[in-house]
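S.K.:
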Amino acid sequence: MSDVKKYIEAHKDRFINELIELLKIPSVSADSAFNQDVLNTADAVKESLEKAGCDFVEICETPGYPIVYAEKIIAKNLPTILVYGHYDVQPADPLHLWDSPAFEPIIKKTDIHPEGAIFARGACDDKGQMYMHVKAMEYMTATGNLPCNVKFMIEGEEEVGSESLGWFVKQNQEKLANDVILISDTGMIANDIPSITTGLRGLSYVEVEVTGPNRDLHSGLYGGAVANPINILTQMIASLHDENNHITIPGFYDKVEELSRTERDEMGKAPFSQEAYNKALDIEEEHGEKGYTTNERNSIRPTLDVNGIWGGYTGEGAKTVIASKAYAKISMRLVPNQDWHEITDLFVKHFESIAPKSVTVKVTPHHGGQGYVTPIDNIAYQAASKAYEATFGKTPIPQRSGGSIPIVSLFEDELKSKTILMGFGLDSDAIHSPNEHFGIFNYLKGIETIPYFYKYFTELSK
Ligand code: BES
Ligand code: MN
Ligand code: MN
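Take any residue in the sequence shown, count from 1 to its spot, add 18: that is its number in my numbering.
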């Protein structure tokens, strides 16, 4: 057995219990009711990094939630790895859909996780994955196996747009100087099919408000004679896709990078079963842009989705009313070369232009970010690939993800370094959903694989 495996074997119960304690703190960044819990989580992360052997740990105040920064610098001439993660989590609601309370972690076995999985909000996204790095650090410092310098930057606003982190990075370029950024906040194909995430989509998030008459009206007295903002909004939204599920906003696809047939064929080699996919979601048939496969639709193609829609009467029973206003939250996932500011502008212009005169519309942009593609012809990717080979016994498959971590492209712009995305979650782990969980196998495998990345990256840097 390797040293790291032995260490994990000896300490795994404690590793699991420590993560469970961290998961009990409801660090929901989106909801100010949890303000103190988010701050307490930052303190807990700080303490864990101290115990893991970092020489210097601090809580960095920002206009929003603090950033936990830590480092251990062993020699100037050695490479420096910057680990990024987030300690905030998504809101847990709808609470009634959880089989056990979101902030009372429990371990349960599932078909996919026969060794058990920890069920709690943040188990996979991202406390569990972030904490793998803390425990890998503990192993390396406790056993004299840390081969290079390391810096940690753990933020508390990822799930709400990382605004303070952008501010922090711009101000601290020197402090954050590094040779590679390492993040575990994505997934892999399956526990026996390791993969490395080589792309993230960008994002533009907007909210729209459609106003009809100046007050709610009796739907009998006025119905048929004035625009119903809910009818109009749903028509406008429906028109944003054509019959081939292409997005109809003029200019939307102008900068989309079209992959070559060879690149798409290469992507198509990743193991995937449409049947299993549909079955896992209880859907008769998949849906998406004509001419693309499921894996292309959710990674190399941009999308537009309504995330929420409301207005009018939604209480018990019936109320005959034409509402004055209707609302929707809309997100667009973007691919490399699409600029999120440009896409937001195109959306605003188009949405205003398709509104009939009978209503007024207001579009409010929320946050957004650029997409990212990791090069695979560099030593960082090679080191990651060798690390998975060492612990999974298989070469990992490079795979683009559909999710977004907008701050990654800012890291590249401001810190001039590349990011390696070593994610150990599974798509079925229900991140952002009720019953989020993280496999014990995945958690421990992550802790085991990370030190190999340090080792190979340091060796290949020579
Ligand atoms: N960790 C996720 C992103 C992710 C998950 C990427 C799985 C790839 C695979 C991250 O916490 C997240 O949820 N990001 C948000 C964007 C953010 C601006 C709120 C997202 O993708 O919706
Ligand atoms: Mn995350
Ligand atoms: Mn998330």
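Even glycine gets a Cβ: it sits at the ideal position worked out from N, Cα and C.
Can you give the Cα-Cα distance for Phe186 and Lys297, rounded to whole angstroms?
M.R.: The straight-line gap from Cα to Cα measures roughly 44 angstroms.
S.K.: Just tell me which of Thr311, His259, Lys126 has its CA closest to the CA of Arg279.
M.R.: Of the candidates Thr311, His259, Lys126, the one whose C-alpha sits nearest the C-alpha of Arg279 is Thr311.
S.K.: Given a cut-off of 8 angstroms, decide if Ala245 and Ile458 are closer than it, judged by their beta-carbon atoms.
M.R.: No. Outside cutoff.
S.K.: For ligand 3, is there any heavy atom lying closer than 7 angstroms to the beta carbon of Gln189?
M.R.: Every heavy atom of ligand 3 is 7 angstroms or more from the Cβ of Gln189, so no.
S.K.: Shorter than 7 angstroms, the distance from the beta carbon of His264 to the closest heavy atom of ligand 1, or not?
M.R.: Not so, every heavy atom of ligand 1 lies at least 7 angstroms from the Cβ.
S.K.: Got a sec, what are the start and stop residues for the alpha helix (DSSP H) Arg418 sits in?
M.R.: From DSSP, Arg418 is part of no alpha helix (DSSP H) but of the beta strand (DSSP E) over 415 to 418.
S.K.: Looking at the strands, I want to know which residues DSSP matches up with Thr215.
M.R.: BP columns for Thr215 point to Gln417, Leu439.
S.K.: Could you tell me which of Gly174, Cys142, Gly220 sits nearest to Thr204, measuring between CA atoms?
M.R.: That would be Cys142, whose Cα lies nearest to the Cα of Thr204.
S.K.: Does ligand 2 have a heavy atom nearer than 7 angstroms to the CB of Glu176?
M.R.: Correct: Glu176 has its Cβ closer than 7 angstroms to ligand 2.
S.K.: Got a sec: does ligand 1 put a non-hydrogen atom nearer than 7 angstroms to the Cβ of Pro424?
M.R.: Yes.
S.K.: Taking 8 angstroms as the cut-off, does the region 22 to 39 touch the region 99 to 118 (at least 3 CB pairs, one atom from each stretch)?
M.R.: No, the region 99 to 118 is not in contact with the region 22 to 39.
S.K.: Can you tell me which residues form a DSSP beta bridge with Asp323?
M.R.: The partner list for Asp323 (beta bridge, DSSP) reads Ser349.
S.K.: What does the alpha-carbon distance come out to for the pair Leu40 and Thr59?
M.R.: The alpha-carbon atoms of Leu40 and Thr59 are separated by roughly 7 angstroms.
S.K.: Given a cut-off of 8 angstroms on the beta-carbon distance, is the pair Ile92 and Pro84 in contact?
M.R.: Against a cut-off of 8 angstroms, the Cβ pair of Pro84 and Ile92 comes out as no contact.
S.K.: Could you name the residues that DSSP lists as bridge partners for Lys380?
M.R.: Per DSSP, Glu227.
S.K.: Leaving out the 5 sequence neighbours to the left and right, which residues in its chain are closer than 7 angstroms to His15 when beta-carbon positions are compared?
M.R.: Outside the displayed span of the chain (19 to 480) sits residue 15, for which this structure offers no information.
S.K.: What number of angstroms, rounded off, separates the C-alpha of Ala120 from the C-alpha of Glu432?
M.R.: Straight-line Cα distance between these residues: approximately 36 angstroms.
S.K.: Could you check the C-alpha separation between Pro393 and Lys337 for me, to the nearest Å?
M.R.: Going from the Cα of Pro393 to the Cα of Lys337 covers about 57 angstroms.
S.K.: Out of curiosity, what's the CA-to-CA distance linking His300 and Glu293?
M.R.: The sequence as given places Asp at residue 300; His does not occur at that position. Going from the Cα of Asp300 to the Cα of Glu293 covers about 10 angstroms.
S.K.: If I measure Cβ to Cβ from Val366 and keep anything under 6 angstroms in the same chain, skipping five residues before and after, which residues do I get?
M.R.: For Val366, where only same-chain residues beyond five positions count, the Cβ hits under 6 angstroms are Val381.
S.K.: Using the three-state DSSP reduction, which class does Val13 fall into: helix, strand or coil?
M.R.: Because the chain is modelled from 19 through 480, residue 13 falls outside the range shown and cannot be assessed.
S.K.: Quick check on DSSP: helix, strand or coil for Leu444?
M.R.: Three-state result, Leu444: coil.
S.K.: Which two residues bound the contiguous beta strand (DSSP E) that contains Phe456?
M.R.: Start and end: 455 to 457.
S.K.: Have a look at Thr409, Arg418, Ile438, Ala408 and flag the residue whose alpha-carbon is nearest the alpha-carbon of Ala398.
M.R.: Ranking the options by Cα distance to Ala398, first place goes to Ile438.
S.K.: Which class does Gly184 belong to by DSSP, given the choice of helix, strand or coil?
M.R.: The answer is helix: DSSP assigns Gly184 an H, G or I state.
S.K.: Whose C-alpha, out of Asn355, Thr229, Leu37, is nearest the C-alpha of Gly140?
M.R.: When each option's Cα is compared against that of Gly140, the closest is Leu37.
S.K.: State the Cα-Cα distance for the pair Ile327 and Leu113, rounded to the nearest angstrom.
M.R.: Whole-angstrom Cα-Cα distance: 20 angstroms.
S.K.: Quick one: Cα of Gly82 to Cα of Asn95, how far?
M.R.: About 35 angstroms.
S.K.: Rounded to whole angstroms, what's the CA-CA distance from Asn35 to Asn263? Just pull it up for me.
M.R.: Asn35 and Asn263: Cα-Cα distance of roughly 47 angstroms.
S.K.: Looking at C-beta atoms only, is the number of pairs between the region 143 to 159 and the region 460 to 474 that lie closer than 8 angstroms three or more?
M.R.: The answer is yes - the region 460 to 474 touches the region 143 to 159, with three or more Cβ pairs under 8 angstroms.
S.K.: Using the three-state DSSP reduction, which class does Glu89 fall into: helix, strand or coil?
M.R.: Strand at Glu89.
S.K.: Taking all protein chains shown into account, do 16 or more other C-beta atoms lie within 10 angstroms of the C-beta of Lys90, making it buried, or fewer, making it exposed?
M.R.: Burial call: buried.
S.K.: I need the boundaries of the alpha helix (DSSP H) containing Met19, first residue and last residue.
M.R.: Taken as a continuous stretch (DSSP letters only), Met19 belongs to no alpha helix (DSSP H), as it is neither H nor E.
S.K.: Got a sec? Which residues, its chain only, sit under 6 angstroms from Leu183 by beta carbon, not counting five neighbours each side?
M.R.: If we look at Leu183 and ignore the five residues flanking it on each side, its Cβ neighbours are Glu173, Ile425.
S.K.: Since Glu173 is in the beta strand (DSSP E), which residue starts that stretch and which ends it?
M.R.: First-last of the beta strand (DSSP E) with Glu173: 167 to 173.
S.K.: On the three-state DSSP scale, how would you describe Leu200?
M.R.: Strand.
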